[in-house]
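K.L.:
In full-length UniProt numbering, the protein residues as written are 1 to 242.
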C-alpha cells in the first residue's frame, strides 16, 4: 500500500480534500432540545478539523418536523432556525481548511425519541428486531410502526430534498444520505421489514427505488457541482447479526 497517497489531496466535484482522512458520522445527541446545533457541537467538530482531517461528516441530522427524528437532543435541519444554528459549526470547520458534510437521516421505525410525534413509520407495519438503545435513552422493544402510504413516501422524499437545500444554505459542502444501520431507507432495503407489494417493495429494484429517486431529486435541487453521497451498511444498530 502506498501510504503517501493517504496524505495527498483529491477532488470531489469542485471541492478539494487536503488528504484522504475523513471523520465518519457518529451519533452525539448533544443538540438543543429543539434540534438547534450549539457551541458544544461547534467545539466537537472543530477539534477534528483542527487536528487535520480533510472532511468531517456530521452525525445523523433529522430532516422534518414529523417522523424523522430518532433520538432526543438529535440535531435537525428541518427549518430556518436549524440552518442558522449550523452556520457557526460549519464555519468553524471551514476555518481549518476542512470540508463539512451533512448526513441526512430519517429514523423510520427505529426512532426512539421524537419531539414531534409518538408514532413511527416504516415501509410495513413490522417493528425492527432487537431493542431500543439504552445509551441513547431508549428502553424495551421498538413499537410497531405505521405502514407508509405512497403519500407518506412522497413526503419523505420531499423532506430529504428540502433538507439538502437547507444544508447547502447553511454552508455544508455536501450531503450524505443515511441509508444504513436500520434506519428508514435501510428498512426499505431489508426484506423482513419491507413487505410492500407496490413499486417500493418486492424485488431489489423496487426496494432501491426510493433511494434512487431521492438521490436524483436532491441532485436536481442542489446542482451538479454539489457533493451528494449515500451510506449503506450490512448491519443495523439493533440487529448486528443481519
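Heads up, the beta-carbon is just placed ideally off N, CA and C, and yes, glycines get one too.
1) Our contact map puts residue 75 next to residue 59 with C-beta atoms below 8 angstroms; I'd like the distance itself, whole angstroms only.
2) Put residue 148 into one of helix, strand or coil per three-state DSSP.
3) Where does residue 46 land, buried or exposed, given buried means 16+ other C-beta within 10 angstroms?
4) Once you ignore the five residues that flank residue 6 on each side, which residues in its own chain have a CB closer than 8 angstroms to its CB?
5) Just grab the DSSP bridge partners of residue 229 for me.
6) Could you tell me the alpha carbon to alpha carbon distance between residue 183 and residue 14, rounded to whole angstroms?
7) Answer with buried or exposed for residue 123, where buried requires no fewer than 16 other C-beta atoms within 10 angstroms of its C-beta.
8) Does DSSP classify residue 129 as helix, strand or coil?
9) How long is the line joining the alpha carbons of residue 140 and residue 96, rounded to whole angstroms?
10) Kindly give me the distance between the Cβ atoms of residue 102 and residue 167, rounded to whole angstroms, as I take these residues to be in contact under 8 angstroms.
11) Indicate whether residue 129 and residue 210 have their beta-carbon atoms separated by less than 8 angstroms.
12) What span of residues does the alpha helix (DSSP H) with residue 208 cover, start to end?
13) Could you say which of 114, 199, 116 lies nearest to residue 153 if we only look at CA atoms?
P.N.:
Taking the coordinates as given:
1) That belief holds up - the Cβ atoms of residue 75 and residue 59 are roughly 7 angstroms apart, short of 8 angstroms.
2) The answer is coil: DSSP assigns residue 148 none of H, G, I, E or B.
3) With 16 or more other Cβ atoms within 10 Å, it is buried.
4) Cβ within range, chain order: 19, 20, 21.
5) The partner list for residue 229 (beta bridge, DSSP) reads 176.
6) Using only the alpha carbons, I get a separation of about 30 angstroms.
7) With 16 or more Cβ atoms within 10 Å of its Cβ, residue 123 is classed as buried.
8) Under the three-state reduction of DSSP output, residue 129 falls in the coil class, being neither helix nor strand.
9) Using only the alpha carbons, I get a separation of about 43 angstroms.
10) By a beta-carbon distance limit of 8 angstroms, residue 102 contacts residue 167. Their separation comes to about 4 angstroms.
11) Their beta carbons are not under 8 angstroms apart, which means residue 129 does not touch residue 210 by this criterion.
12) Following the DSSP letters along the chain, one finds residue 208 inside the alpha helix (DSSP H) bounded by residues 204 to 222.
13) Nearest in C-alpha terms to residue 153, of all of 114, 199, 116, is 199.
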